[in-house]
Amino acid sequence: MPDTAYDHLIIGSTPLAGLIAGQLQREHGKRVCLVWESYSAFGLERRFDLSLDLITRPETLVLLKRLTPETLKLIAGIGRNLTDKVDPLFIAESRASMAALGHFLHLAKLLELQVERLADRTISEGSLLRVRGQHLIAHHRFAPALEAWLDAADVRRLDPEDTAITLRKDGTARVAAEGQEVEAMQVLLADDAAVLAHLPPDGWD
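Just so it is clear: in the sequence shown, position 78 is 82 by our numbering, and no numbers are missing.
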């Protein structure tokens, strides 16, 4: 592989994208280039990253539960107090969403999650669930620690606004940024926004 090539080009601005990039470079000795939006202390948080999601596919929920301790251990290795313990509420008001919430409740109980159905008089027709003991990434603490962790791992990071990416059908890519062009042997679109931005609609599934 030439010096101007990377093993992996990772595109995405979620914590997952940063964690994958750092792990590939640190633990697997890969050359990694990460295209993402750097953290700004003045920016508004546009997302929350929770250890649980309203998932109705059993295999996915089982996988999420199994990987949560491993992910928390990885985050703890980046810095202290980067997550908060929370008890999230899931609210459903339409017939379809109430059916999905009921299915999730059944799966959550089978997986022995601390879940309970609540009553709320402000919701005339609907369902409300609370799941206790979940973990929420505290972005204002996590993001600076993640940036420092990536710096220490020597992961190259590029601003998506100043980067031109040409994806090829074989999974490789050419990246033009900072006055030079580099090759990437494999591309990973690490979040929904990256998929929508870089793949045609017929490739979204």
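Note that CB positions come from ideal geometry on N, CA and C, so glycine has one too.
Item	Value
Distance, Glu116 Cα to Leu48 Cα	35 Å
Residue(s) in a DSSP beta bridge with Thr170	Arg178
Identity of the residue in Val39, Trp153 and Ser131 nearest Asp166 by Cα	Val39
Unbroken alpha helix (DSSP H) run spanning Ile141, endpoints	No alpha helix (DSSP H) contains Ile141, which is instead part of the beta strand (DSSP E) from Gln138 to Ile141.
Same chain, Cβ closer than 6 Å to Leu200, neighbours up to 5 away in sequence not counted	none
Same chain, Cβ closer than 6 Å to Lys113, neighbours up to 5 away in sequence not counted	none
Sheet register partners of Gln184 (DSSP bridge)	Ala181
Same chain only: Cβ atoms within 6 Å of Met5, ignoring 5 sequence neighbours per side	Low confidence applies here, because Met5 scores a pLDDT of 47, under 50, leaving its location unreliable; read the following figure in that light. For Met5, where only same-chain residues beyond five positions count, there are no Cβ hits under 6 Å.
Coil, strand or helix - Ala9 by DSSP	strand
Reference Thr2; option with closest CA among Glu187, Glu182 and Ala168	Given that the chain is displayed from residue 5 to residue 209, the structure contains no residue 2 and the question cannot be resolved.
Proximity of Thr60 and Ala104 at Cβ, strictly below 8 Å	yes
Coarse secondary structure for Asp155, derived from DSSP in three states	helix
Top-ranked residue by Cα proximity to Ile1, from Leu23, Ala181 and Leu58	It is not possible to answer for residue 1, since the shown part of the chain is limited to 5 through 209.
Simplified DSSP state of Glu120, which is helix, strand or coil	strand
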